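Asker: Okay, handing you the structure first.
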């Protein structure tokens, strides 16, 4: 008996949402399974879904491992998740409008001023500017883990430019191609409207000065970026141009794109580029990736930037601990999804607890992402724990700690057959004129036995995520 | 005092460039100590871009110039009626919370020496007295010597070498003040050349420190004083680069030669 919640098997019985998958997986002969796995890999390789891993110097065109065993939610489970995710996306955006405006939540003493205003992601240059529809974060990626039948926790929020949605779409595509029968036997909610909805969301936040059908573009740092495939994939599916900084220029009070038919005015920029790089006249002067003068046009309402510059202040891991407070403060509601209990090392009493219990905690950098620079206490050697302790003590404010969660598992194809592996979930909530999300998300799976780290940069894979119709 | 300003910046390119984009903060701040009588900013061949007042209260104006072009002149001229408010920035509308100015940048990173100077504030009887003491200490620690530092010299570097210009004074002041827990920012503006024989810099910079209960107050270590009616305030930022009156970039391979002349004079009223 494993202490982890297995999403398929409970008390030796198959949970209803997985009922039809039991026979499917049991009946699949090993040679067919291997053939299907090879087919999936070949398809991914042909389409070109690859993932560059930072800091490892490995194959830049490495494939992200794909697991064919789907992860399944019931309609009821999803309904609760959806409500919780939308609630969180609304609160995060209300917070952003507030802290770049009057800062009521800080004045009310509900979140420390220091955490907000001295945050490296707080961008004073956008103070007083309210983006169209009052939206700063247009695509909110919320990382959720499950520890029991109805226990879900939000691990972190991603308000800037969460990646991975292409894997969500491609995993579904792949499954439908390889196992069409599964989609006849199960009533699975479709997710293929995502690109259409993303386009609609972006168009809905066109600036006031735009008086026609808005021109939307995706701004990428270029093909060296690890998520470049996703940038081009989304541009393609939305039918918008994929541009680099040099393809755009400011003339007078607007931004234009160079095209073969001459300059074309751009209204909405979905940028997959950090704040620091988008305009050398406002941020890092040495950036060659951005568009000089872009921020002046933005702040005077000539173009929209998604996510809005400054959105990052809502999603660092220290601010995260206050999201339930934001929900109560702005919405007057109780949080539907719980936070993971979090210790802030910047606070003396928390620091004491953390340093005394490092062996059983997960410690993360406040601004870290991608599973880098973190400690998983129970899975680390004494030396690793001691090394990390020194890092924390040198700069406590830079770290938070959480209990090691008993992440749920789902059946996963492994060398020896089928075995439980830990998973998380990242749904993508779209925020524009309306708030919506497609039923599903990206399920990431820790392919190494016992591993709790699902990041693709750390040996994680992806699965198709099903939400069953009522 | 009635001050007139003539500020001309000329960019020459050894090969014509394809275009220029600039972002200006070249308008005198709106507060009780300044009244603009007339003011103009022109840019040869320039097309007016976006304009707005930002959260810090500065007027921002974008410009673009379509190339090819090998010379651009930015000319600022105008007259401002100033009043001595003992450095207090009274009646200035802004939205950025003072706490946002506690953050240091690369240029204002406080090393041990700057942190030690920052303790001067807490040692004084009042924060205001502490800020005056700190201003004097920075003035003592960094001798005015034109040409001794570059645009990218950090506060710590300037303090270590003990020489610098107004930019270095201002950055060292705000760096030390922040480490002493006082919100502080870099201010760019103009200063009327004095009759006291000192070689003042007409395109000037100083610091503003925030004292709860009073508000933002200017301190000028270069002249060991608070800004008075000889000063014209233009804009502010976290450091010199963030507060630069002109930020710009040119497209093309031509290298740039910059020349700046500034004259600030008293006029009969």
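Chains as they are written, first to last, in this note's numbering: chain A, 1455 to 1924; chain B, 0 to 268. Just so you know, even glycine gets a beta-carbon here, dropped at the ideal spot from N, CA and C. Only a predicted model underlies this, so the values are computations on that prediction, with no experimental measurement involved.
(1) Specify, as a first and last residue, the run of the alpha helix (DSSP H) that residue 1685/A falls within.
(2) From the DSSP output, in three-state form, read off residue 1669/A for me.
(3) If you measure from the beta carbon of residue 47/B to each beta carbon in chain A, is any gap under 9 Å?
(4) Buried or exposed: where does residue 1547/A fall if 16 or more other Cβ atoms within 10 Å of its Cβ makes it buried?
(5) Identify every residue that forms a DSSP beta bridge with residue 65/B.
(6) Take the Cβ of residue 1842/A as the centre, count every other Cβ of all protein chains shown within 10 Å, and call the residue buried at 16 or more, exposed below.
(7) Which bits of chain A does residue 240/B rub up against, with CB to CB less than 9 Å?
(8) Can you name the start and end residues of the alpha helix (DSSP H) that residue 1518/A belongs to?
(9) Which parts of the segment 90–124 of chain B are runs of the beta strand (DSSP E), unbroken and 3 residues or longer, counting only runs that do not cross its ends?
(10) So is residue 1729/A in contact with chain B if we call contact Cβ pairs under 9 Å?
(11) Kindly say whether residue 71/B, judged by its beta-carbon, lies nearer than 9 Å to any beta-carbon of chain A.
(12) Is residue 269/B near residue 86/B, with beta carbons less than 9 Å apart?
(13) Check the Cβ of residue 1551/A against every Cβ in chain B and list those closer than 7 Å, keeping chain order.
(14) How far does the alpha helix (DSSP H) with residue 1552/A in it reach, from first residue to last?
(15) Applying a beta-carbon distance threshold of less than 9 Å, which residues of chain B neighbour residue 1754/A?
(16) What residues of chain A sit near residue 256/B, judged by a beta carbon separation below 9 Å?
(17) Which residues bound the beta strand (DSSP E) around residue 1865/A?
(18) Say whether chain A places a C-beta atom closer than 9 Å to the C-beta of residue 170/B.
(19) So, does the CB of residue 1560/A fall closer than 9 Å to a CB anywhere in chain B?
(20) Under 9 Å between C-beta atoms, does residue 1735/A make it to chain B?
(21) Determine contact between the segment 201–214 of chain B and the segment 140–153 of chain B, defined as no fewer than three beta-carbon pairs at a distance below 8 Å.
(22) Provide the residue(s) that pair with residue 1597/A in DSSP beta bridges, ordered along the chain.
(23) With a 10 Å radius around its C-beta and 16 neighbouring C-beta atoms as the bar for buried, classify residue 222/B as buried or exposed.
(24) Am I right that residue 159/B and residue 112/B are in contact with their C-beta atoms under 8 Å? What's the rounded C-beta distance?
(25) With 9 Å set as the bound, which would you pick, yes or no: does the beta-carbon of residue 94/B sit closer than that to a beta-carbon of chain A?
(26) If you measure beta-carbon to beta-carbon, which residues of the segment 1573–1584 of chain A are closer than 9 Å to chain B?
(27) Assuming residue 190/B and residue 78/B form a contact by the criterion Cβ under 8 Å, report the distance between their Cβ atoms to the nearest whole angstrom.
(28) Cβ of residue 41/B within 9 Å of Cβ of residue 73/B?
(29) Flag residue 237/B as yes if its beta-carbon sits less than 9 Å from any beta-carbon of chain A, otherwise no.
(30) Could you tell me the alpha carbon to alpha carbon distance between residue 1781/A and residue 1769/A, rounded to whole angstroms?
(31) Roughly how many angstroms separate the alpha carbons of residue 1608/A and residue 1657/A, rounded to a whole number?
(32) Should the segment 1799–1807 of chain A be called in touch with the segment 1826–1845 of chain A, which here means at least 3 C-beta pairs below 8 Å?
(33) Do residue 1461/A and residue 1469/A count as a contact pair if the criterion is CB distance below 9 Å?
(34) Could you pull out every residue in the same chain whose Cβ sits closer than 7 Å to the Cβ of residue 1471/A, ignoring the five residues on either side in sequence?
(35) For residue 99/B, go through chain A and note every residue whose CB falls closer than 7 Å to its CB, in chain order.
(36) Cβ of residue 231/B less than 9 Å from any chain A Cβ?
Answerer: Quick look at the numbers:
(1) Under the DSSP assignment, residue 1685/A falls in the alpha helix (DSSP H) whose first and last residues are 1682–1692.
(2) Correct three-state label for residue 1669/A: coil.
(3) For residue 47/B, the answer is yes, since a Cβ of chain A falls inside 9 Å of its Cβ.
(4) By the 10 Å Cβ count, residue 1547/A comes out buried.
(5) By DSSP's assignment, residue 65/B forms a beta bridge with 18/B.
(6) With 16 or more other CB atoms across the displayed protein chains lying within 10 angstroms of its CB, residue 1842/A is buried.
(7) Those are 1739, listed as they occur along chain A.
(8) Careful: residue 1518/A lies outside any alpha helix (DSSP H) and carries neither H nor E.
(9) DSSP runs (the beta strand (DSSP E)) wholly in the segment 90–124 of chain B: none.
(10) No, because no Cβ of chain B sits closer than 9 Å to the Cβ of residue 1729/A.
(11) For residue 71/B, no CB of chain A lies under 9 Å from its own CB, so it is not counted at the interface with that chain.
(12) This structure cannot speak to residue 269/B, because chain B is shown only from 0 to 268.
(13) Close partners of residue 1551/A in chain B (Cβ separation under 7 Å) are lacking, with about 13 Å as the shortest Cβ gap.
(14) Taken as a continuous stretch (DSSP letters only), the alpha helix (DSSP H) holding residue 1552/A covers 1529–1553.
(15) Ordered by position in chain B, the residues that pass the 9 Å Cβ test against residue 1754/A are 48, 49, 50, 51, 59, 61.
(16) The contacting residues do not exist; residue 256/B stays about 19 Å from chain A at best.
(17) Unbroken beta strand (DSSP E) run through residue 1865/A: 1863–1868.
(18) Residue 170/B does not count as touching chain A.
(19) At least one CB atom of chain B sits nearer than 9 Å to the CB of residue 1560/A.
(20) By this cut-off, residue 1735/A is an interface position.
(21) The segment 201–214 of chain B, when compared against the segment 140–153 of chain B, does not touch it at the 8 Å Cβ threshold.
(22) Bridge partners of residue 1597/A: 1610/A.
(23) Counting every other CB atom within 10 Å of its CB across the protein chains shown gives residue 222/B a total of 16 or more, marking it as buried.
(24) Yes, they are in contact, since the Cβ atoms of residue 159/B and residue 112/B sit about 7 Å apart, within 8 Å.
(25) For residue 94/B, the closest Cβ of chain A is nearer than 9 Å.
(26) Shown in chain order are the members of the segment 1573–1584 of chain A whose Cβ falls below 9 Å from a Cβ of chain B: 1573, 1574, 1576, 1578, 1579, 1580, 1581, 1582, 1583.
(27) Residue 190/B to residue 78/B, Cβ: 16 Å. No contact.
(28) The answer is yes: Cβ separation under 9 Å.
(29) Yes - at least one Cβ of chain A is within 9 Å of the one on residue 237/B.
(30) Rounded to whole angstroms, residue 1781/A to residue 1769/A spans 14 Å at the Cα level.
(31) A straight line joining the alpha-carbon of residue 1608/A with that of residue 1657/A spans about 29 Å.
(32) Because the criterion of three Cβ pairs below 8 Å is not met, the segment 1799–1807 of chain A and the segment 1826–1845 of chain A do not touch.
(33) Yes. Within cutoff.
(34) Same-chain partners within the cutoff: 1526, 1527, 1528, 1922.
(35) Under a criterion of Cβ atoms nearer than 7 Å, the residues of chain A adjacent to residue 99/B are, in order, 1571, 1576, 1578.
(36) No, its Cβ sits nowhere closer than 9 Å to a Cβ of chain A.
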